[in-house]
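Heads up: the sequence shown begins at 1 in the numbering used here, then just goes up one per residue. Backbone N, C-alpha and C fix where the C-beta goes; we use that ideal spot for every residue, glycine too. As structure tokens, the structure follows; a few thoughts come after it.
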Amino acid sequence: SAHTLFFKDERLKLKAINPDYTIEDMDKEIAKIWKDTDLETKMKYFRLAELDLVRYRREQEKYIYKKYSFEFDDDGNLIDCSDDDEVQTVTTEEKQNNPEVAVQDDVEQRQNNESEVAPACESNPRKRAAEQPMKPKQALSSYFWFTNEERQKIRASHPYYSFGEIAKELGKRWREADPETKAKYEHMAEMDRKRYEKELKKYLDVDDDSDAEPEKDHDQVHGDVGGTSTSNPIGKEAE
């Protein structure tokens with residue numbers, strides 16, 4: 001806030017003049033100075049506080065996108081960060097400063113621990129990630145593609161909106177979007193779903209035509225109908 005920035009500046013001055021001042025003495029003295037400060041000086045700190053708030057929200061948003069491997073360029077397009085060599089971690093200080101991030105990080109850690117299958121002796125996440133192939137990114141929904149573009153517009157017209165206010169506005173705009181607009185993002189989601197399925201098959205080493213009925217099963221059915229099967233060693237011995 002403006003008062004906090006003013007307090008920081010005045011505290012340094014008071015410490016130099018009165019090094020024996022207690023915290024209570026400083027609070028009282030700075031409150032008195034703030035009260036007697038002219039309007040022009042106060043407006044200076046109010047502007048500084050607004051700029052600092054914008055900086056904080058942008059840094060926080062960038063941090064969240066980076067933490068969950070989602071980043072956006074200046075045009076609002078999604079940047080794929082799956083090839084980053086740096087392993088993103090959340091520090092204790094960041095968790096203390098942002099309880100929401102701490103909860104999200106704890107949930108993600110539990111999910112990762114449950115889903116990963118690795119030797120008990122392996123405790124290095126960097127080494128484990130290097131040994132395992134990169135899993136394809138999940139397909140994004142039509143609503144996510146919509147918010148990807150609309151978020152930048154909201155931030156431009158309402159730079160002081162909180163994350164909650166931005167989310168509420170995004171939901172409102174999506175509900176009010178016409179069918180043609182929604183169809184555009186549903187098409188984007190469908191293309192992304194196909195991309196995910198293709199990458200997943202490659203990751204699992206499954207052929208694209210694996211959905212077709214295997215030849216072995218087809219021969220087995222005909223063998224059963226005829227009473228014999230060339231692939232059955234027991235039946236062969238019986239003959």
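Runs of the alpha helix (DSSP H) lying entirely within the segment 131 to 205 and spanning at least 4 residues, in chain order: 142 to 157, 163 to 176, 179 to 203.
In summary, Phe6 is buried, with 16 or more beta-carbon neighbours lying within 10 Å of its beta-carbon over all protein chains present. Burial of Leu140 is indicated by the presence of at least 16 other C-beta atoms within 10 angstroms of its C-beta.
Look at Asp20 here: in three-state DSSP terms it is coil, with no helix or strand label.
Less than 8 Å separates the beta-carbon of Tyr185 from that of Phe146. Ranked by Cα distance from Ala189, the options Glu29, Asn148, Pro19, Asn18 are led by Asn148.
For Lys135, same chain residues with a beta-carbon under 7 Å away, outside a window of 5 residues either side, are Tyr203 in chain order. Taken through DSSP and simplified to helix, strand or coil, Thr37 comes out as coil. Ranking Phe163, Tyr21, Thr41, Arg173 by CA distance to the CA of Glu150 puts Arg173 first. Exclusion of the five residues before and after Ala49 leaves Ser1, Ala2, Leu5 as the residues of its chain whose Cβ lies within less than 7 Å of its Cβ. By the CB criterion at 8 Å, Met26 and Leu12 fall outside the cutoff. In this structure, Glu169 lies near Ile154, with their beta-carbon atoms less than 8 Å apart.
In this structure, Ser142 sits near Lys182, with a CB-CB distance shorter than 8 Å. Cβ neighbours of Ile30 within its own chain (closer than 6 Å, five residues either side excluded): Phe7, Glu10.
Within 10 angstroms of the beta-carbon of Asp192 lie 16 or more other beta-carbons, which makes it buried. C-alpha of Leu200 to C-alpha of Gly171: approximately 30 Å in a straight line.
Nearest to Lys137 by alpha-carbon distance, out of Lys198, Met43, Glu59, Arg55, is Lys198.
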